[in-house]
Structure formats: structure tokens, C-alpha cells
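Taking our numbering, I'd label the letters of the sequence shown as residues 63 to 663.
We put the beta carbon where it would ideally sit given N, CA and C, even for glycine.
Computed from a predicted structure; not experimentally measured.
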Amino acid sequence: MQQTFWELIRMAACKIDVLDWQETPSFVHHTAAEQLRRRISLLVSSLAIASSPLLAQEPASPRDSCDGRMVSTISIQREPPPLLGKSAPRWARPILRAVIQHRTTKPSAIEPFLLLEEGKPCTEFLQKESERLLRAQPYLANATVRTETDSIGGTRVHVETVDEIPLVIGARLRKGELAGLKYGSSNFRGEGVYGSLEWRRGFAYREGVSARYVNYHIFGNPDRLTVRLDRASLSSDYMVALERPFLTSHQSVAWHVGFRDADRYTSFVRYRQEPLALAVGRTRFDLGGVKRIGRPESGLFAGPFITYERIQPATSAVVITDTGFATDGDSTLRARFNPLRSTRVAGVVGARLLSFKEVRGFDALLGAQDVAIGIQVALAGGLSSGEAGSFLGADVYAGAGSKSSFVALRWQWEGQKREGGDGWVDALASGRLAWYWKPAEKRTLITSAEYAGAWRERIPYQLPLGRQNGVRGYRDSRVVGARRAVLRAEQRWVLGNVTRLLGVGVAGFTDVGKMWAGDVPFGVTSGVRASAGAGILAAVPHQSRRLLRLDVAVPLMRDRHAASYDVRFTASTPVRTFWREPSSIAETRSVTPPVGIFAWP
């Protein structure tokens, strides 16, 4: 037993904490809007899989309701990660706490997400929403909120939380040499805040350092403060944002204020030569918010937003080598992109008709996640200074299903209309349609179709075939373009628990993708590219929502630059968001960020 225990320690110490941008879904009361939501859910189901019984809504399991009773007391029971629980020798627990930087989460990091208050009425909606909001916090592995009747007819609320392993650690190697180190905590001193420091070796350039800080409940409210200070070897990126995302329909307002200043090199891959790099400076400021219209069950929100943006591309590109910058005779990027400066005034409207269902083993190995059922829509439109006189943006989500079968769609689009009727510019679209089928507790089939692309984009970018969640097996491919489509299928099997702490599974997958050149520099319209592979999945502990993966993918079509196989190790929390668009597309967006004030599933 001791040998197995220390093997787990070594695995946990190598764990990489990956924090995603928070996109927590929200909820509406079960009243008239719930009836509409159910009808919409049935419609989405029928469109997704015609006449399929797999998506029939499961009847709600019976449970005691606290509706109408006053909350008399709230107790919070906080537990450390199972790694520090009874399975660990008593003498080793202090050492482990020091190694993984753990302190049990304090009540001050839990209370801001409890919608139930002492002396106020209890409802089943607030109970479920409190549980969901707590589970959405990255420093908690799991959370439950239970109620029971006390001796005088009131309600006692019992909150139980289990911490995630907070250690953030990473290393980079380049040609066998240490090239970077990262260290931090996703739950610093049990305060429910993220903090990390990173060093990157500069080689022929300056040394790179960066710091990141995220407070998910600043001022004792569910307000989020994010600070990123990044002085890399060849770039700099400074960002600060303070916001209250729309986490639940229980709240009446949501707002955001942010500032970012970045000077970065955008890489342009060339098929037969080394990549070119174009320096791009970008400054952006956002301010705005939305307010609920009418009662919570209406699901309607609206508000204003204003943004200022300055983009300054260099007039010529360089080649970045191991010994320094080098010039290149290629004139493709010479004065290709013009400076942009604009102020946008927008109106944002949204509708949310969602409920949530707890499922297990969809994106995580066995961990719980809350999937959104219903429809959520956000629209942004307004006027812009400069050449683009008006702009529009849309973000749509729809989901329907049960604990064994679930279909969901997320689609984002934006574009700007030039003055003088010259058509749309800076048009971007991306999205994902996915079906999760779980015929047995330890089997999950995930199929999906993904698309991302842009038209007449004035901001420098390229979309790669294999990187940025593209076709696995083609990471080194030099096929790039403006638009990309990928079909995926993955079958997972959970093998079981190796110990009380470690869960293991395996997966077989295949990807099929295609690239369109569009109007990006050095773009290529490719034929169909396909790959197949297998992966080992792990979770520590086995009910964790974090997923560790070691994948091997083999390209099935010849690509002169792709290797014969591709090995990837990832550590992520895929339950946090249904769709994450490629970073190249996300970085070029100008209109949609105001819509992001809604907390998307």
C-alpha cells in the first residue's frame, strides 16, 4: 500500500493546473419560463436526432423541498483533497500539504456563491443554484448543498465542499535544455484565488517573466478580478479586468470593465520556408453592463457597452531565429495591414431560458458537470468610428438531452459594415455541434462538428490545420488558412479505479478536417485530412473534474511536414466550457467581447 501511495504522490506532483476563462452557465426559475424551456428543449432534440428516444427528458428524481421555509442555520463542512485524506499516512499529511501548497478553503471563498441566507426563505431553486455555482469554482473539486427541517419548522442548510489539488507547476524543455518554469497555486492559502509566476529562458533574446492573479470573489461578492503581467522574450501583454458575470438569473445586473495593452509577434507559416513574424501592437478598453428586464423568470437582459481599440501592425516582417532577428526578401506582408483605431458604442440584448442537469463522465472521466438545457441568445449591435460604420454580433447556445444522451450547439458570429456599402469586413464565425451518448456508466461516445473562420479580416492572423485544437496528428503541418472545419468521434472506456485516488480510462478517436485558404497570407486550400489515435485518461482523485490525457495520433493522409505520429500530454478542465474557439480567431474578435458578459455554458 505504501508503494502505491507514493506512486500517486509522484503523479499528483506533476499535475498541471490549467485555468480557463470562466464561462459558467446560468439558470432561470421553474415557472412559465420553465414550460417554454421544456418546449424549446423538445424542439432542439427533434432537430438534433429525429424521432430518437435517447434524448427524452428523464423524470426528476423525488427529493425533499425546502420551498417556503425560513433558513435557520447554514453550516459549511470543508474537506481537503482526497490525497490528504485518510488514505495518506498521518505523518505524511503535513509534508504533502507543504508540497502541494494546500490549505483548506476558507468560508470566505465559499459564502459569496451561496444564494441562501439565514433568516430568509429557502427555495429549491436557490439550493440547486448554490450547489452549481460552488461546483463551478476552479478551486473546488465538488460541492453539495443539502437542506433538512429543524425542530421548529425552519430549514437547516448543510454545505459540503471538497478541494481540488491547488499545485500549479510546469516546465519547458528546448533541445534538451531547461527553457521555462512555472509555479503557483490555484487556491492560495485557502483564499480561493489563483496566483502563479513563470520564467522563460530568452536564449538570443531577453529573459521572459510573467505573473497571473485571479480573485473569483473580490469584495466578498461573486465579482472577478483578473490581472496578467507578461513580459516575454519577444512580446509583452498586460491586462486587468474587473467584472460581475451573469452567473445566475437570481442576480439582476452584470457588468465588465477591462483594459489590455499588448505588443506581440504574429507568426505567418509559409509552406516551403521558415515562418515570418509581424509585430502587432494592440490597446483595448471595454466598459459596459446589462440589467435584467422584468421578473427573473422573464429571462431577458439588456444594456449598453462601449469599447475603444487601437491596432498598429508593423510595415514589414522578420524571421525569428535562434541567434536573433533576420531579414527576409518576401514582400507578402509589406504594408499588408493598415493601422486601425475605432470607438464602438453598442447595445447588448439577451435571452436566457436554461435549466441545468447534473451528469457524470461526459467531459470528465467520472466527475460531475452541469450541462445547460434550453436556449441562450445574446446580440450586440451599434455604431463604430472609422471606416466600419456599424457592426453586429451574435452568440447562440442550445442544448437538450438527459443523463445518457445530450446534444448541444454553440455558434458565434460578428461582422462590421463599411460606410459606402462596400460589404462586410472583419467577419468571423465559429461554433461546435456535439452529441454525448453514454450507454453505460463506464462508456461514453462523443461526436462533434467544429468550425472556425474569418472573411476580409483586417487584423493579422492565420489559422493552422493541426494546432489550436485542430486535426490531431498534424501538429507540425504547414497547412494554414482562413477557415477550418473538423469532425471528431471519440469512444471512451473507464477501466476503473487503480486505487481509492486514481481513476484510469482509455479512448480511441478519429479526426477529419479541411482547410480553406481564404484571404490570409500564405493560405492553402487543402484536401481532406484525417487521423486516428488512442489515449490514456486519468483523474486524481477519480471523481475530479480535471482530466489528464496522454494521446498518440497518427495522420492517415500524407503531409510532407507532419511527423509520422504525434504525442500530446494535456491537463485541462473540459467541463468548464462547451466550446473554446481557436486562439487565432478569439484574438481577432472586436465585436463579440461585450456579449461575453453573459456567462456562457
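Inter-residue spacing [alpha-carbon to alpha-carbon] between residue i and residue j
i: Glu-305; j: Phe-187; result: 24 Å
i: Glu-269; j: Leu-243; result: 12 Å
i: Leu-104; j: Ala-462; result: The predicted model places Leu-104 with a pLDDT of 39, which falls under 50 and marks its position as unreliable; any figure quoted below should be read in that light. Distance between the alpha carbons of Leu-104 and Ala-462: 7 Å.
i: Gln-517; j: Ala-544; result: Per the sequence shown, residue 517 should be read as Trp rather than Gln. If I take the Cα positions, the gap works out to 7 Å.
i: Asp-292; j: Ser-272; result: 4 Å
i: Leu-259; j: Phe-321; result: 21 Å
i: Leu-454; j: Ala-442; result: 6 Å
i: Trp-497; j: Glu-552; result: 11 Å
i: Leu-471; j: Ala-154; result: 47 Å
i: Pro-115; j: Val-469; result: Confidence in Pro-115 is poor, its pLDDT being 34 and thus under 50, which makes the residue's placement unreliable; the coordinate value appears in the next sentence. In a straight line, the C-alpha of Pro-115 is about 13 Å away from that of Val-469.
i: Asn-283; j: Ala-316; result: 12 Å
i: Ile-373; j: Pro-401; result: 6 Å
i: Ser-360; j: Tyr-459; result: 17 Å
i: Pro-286; j: Asp-212; result: Checking the sequence shown, residue 286 turns out to be Arg, not Pro. Roughly 35 Å separates the two Cα atoms.
i: Ile-214; j: Glu-222; result: 24 Å
i: Ser-646; j: Ala-150; result: 44 Å
i: His-279; j: Arg-159; result: 24 Å
i: Asp-392; j: Phe-399; result: 15 Å
i: Ser-510; j: Arg-550; result: 5 Å
i: Gly-535; j: Ala-440; result: 35 Å
i: Glu-503; j: Gly-423; result: 8 Å
i: Ser-247; j: Val-289; result: 15 Å
i: Trp-486; j: Ser-447; result: 15 Å
i: Lys-419; j: Trp-499; result: 15 Å
i: Asn-277; j: Leu-235; result: 30 Å
i: Leu-195; j: Glu-179; result: 15 Å
i: Val-411; j: Thr-310; result: 16 Å
i: Ser-107; j: Thr-385; result: In this prediction, Ser-107 scores a pLDDT of 39, lower than 50, which makes its location untrustworthy; no coordinate-derived value is stated.
i: Ala-171; j: Ser-466; result: 33 Å
i: His-312; j: Pro-358; result: 6 Å
i: Gln-530; j: Arg-537; result: 9 Å
i: Asn-559; j: Phe-367; result: 49 Å
i: Leu-48; j: Ala-426; result: As displayed, the chain neither begins before 63 nor continues past 663, which places residue 48 out of reach and without an answer.
i: Ala-600; j: Ala-379; result: 43 Å
i: Gly-451; j: Asp-488; result: 12 Å
Close beta carbons around residue i, own chain, < 6 Å, minus the five adjacent residues each side
i: Glu-323; result: Here residue 323 is Asp; the residue named in the question, Glu, does not match the sequence. Excluding residues within five positions, the ones whose Cβ falls inside 6 Å are Tyr-300 and Thr-345.
i: Val-319; result: Leu-304 and Leu-349
i: Arg-403; result: Arg-372
i: Glu-643; result: Ser-492 and Ala-514
i: Phe-631; result: Leu-612
i: Arg-354; result: Ser-314 and Phe-363
i: Cys-128; result: Cys-184, Thr-209 and Thr-217
i: Ala-14; result: What the structure shows of the chain is the stretch from 63 to 663, and residue 14 is not part of that stretch, so it cannot be assessed.
Sequence-distant residues of the same chain with beta carbon closer than 8 Å to residue i, five excluded per side
i: Glu-210; result: Asp-126, Thr-217, Arg-218 and His-220
i: Val-331; result: Pro-337, Gln-524, Pro-526, Arg-540, Val-542 and Phe-584
i: Glu-239; result: Arg-263
i: Phe-250; result: Gln-163, Pro-228, Tyr-256 and Gly-257
i: Asp-621; result: Tyr-536, Ser-539, Val-541 and Arg-591
Residue i, enclosing beta strand (DSSP E) - first and last residue
i: Thr-209; result: 202-211
i: Leu-362; result: 362-375
i: His-164; result: Per DSSP, His-164 belongs to no beta strand (DSSP E) and is neither H nor E.
i: Met-301; result: 298-306
i: Gly-232; result: 229-236
i: Leu-177; result: Segment: none, Leu-177 is in no beta strand (DSSP E) and carries neither H nor E.
i: Leu-507; result: 505-517
i: Leu-291; result: 285-293
i: Gln-139; result: 133-141
Residue from the options whose Cα sits closest to the Cα of residue i
i: Val-421; options: Val-458, Pro-228, Gln-431 and Ala-364; result: Gln-431
i: Ala-341; options: Arg-165, Val-582, Leu-296 and Ser-626; result: Leu-296
i: Phe-347; options: Arg-326, Ser-311 and Val-407; result: Val-407
i: Pro-228; options: Arg-236, Gly-532, Arg-608 and Gly-570; result: Arg-608
i: Thr-506; options: Phe-571, Gly-535 and Trp-473; result: Phe-571
i: Leu-445; options: Lys-479, Gly-423 and Gly-429; result: Lys-479
i: Lys-190; options: Gly-436, Leu-177, Leu-202 and Gly-565; result: Leu-177
i: Ala-547; options: Ser-464, Gly-252, Ala-579 and Ala-569; result: Ala-579
i: Arg-414; options: Gly-436, Ile-138, Gly-589 and Ala-203; result: Gly-436
i: Thr-405; options: Gly-343, Ser-588, Tyr-370 and Ser-417; result: Tyr-370
i: Leu-564; options: Pro-603, Met-577 and Ser-298; result: Pro-603
i: Thr-377; options: Ser-192, Thr-383 and Thr-394; result: Thr-394
Extent of the continuous alpha helix (DSSP H) to which residue i belongs
i: Glu-191; result: 186-197
i: Ala-547; result: Where Ala-547 is concerned, there is no enclosing alpha helix (DSSP H), although the beta strand (DSSP E) it sits in stretches over 545-559.
i: Ala-160; result: 155-161
7 Å CB neighbourhood of residue i in its chain, flanking five on each side removed
i: Arg-668; result: Outside the shown range of the chain (63 to 663) lies residue 668, about which nothing can therefore be said.
i: Thr-389; result: Val-380
Quick check on the DSSP output: what are the complete beta strand (DSSP E) runs of length 3 or more inside the stretch 578-647, in order along the chain? 591-601, 609-617 and 628-634
Just to confirm the assignment: which complete alpha helix (DSSP H) runs, minimum length 4, are found wholly within the stretch 387-440? none
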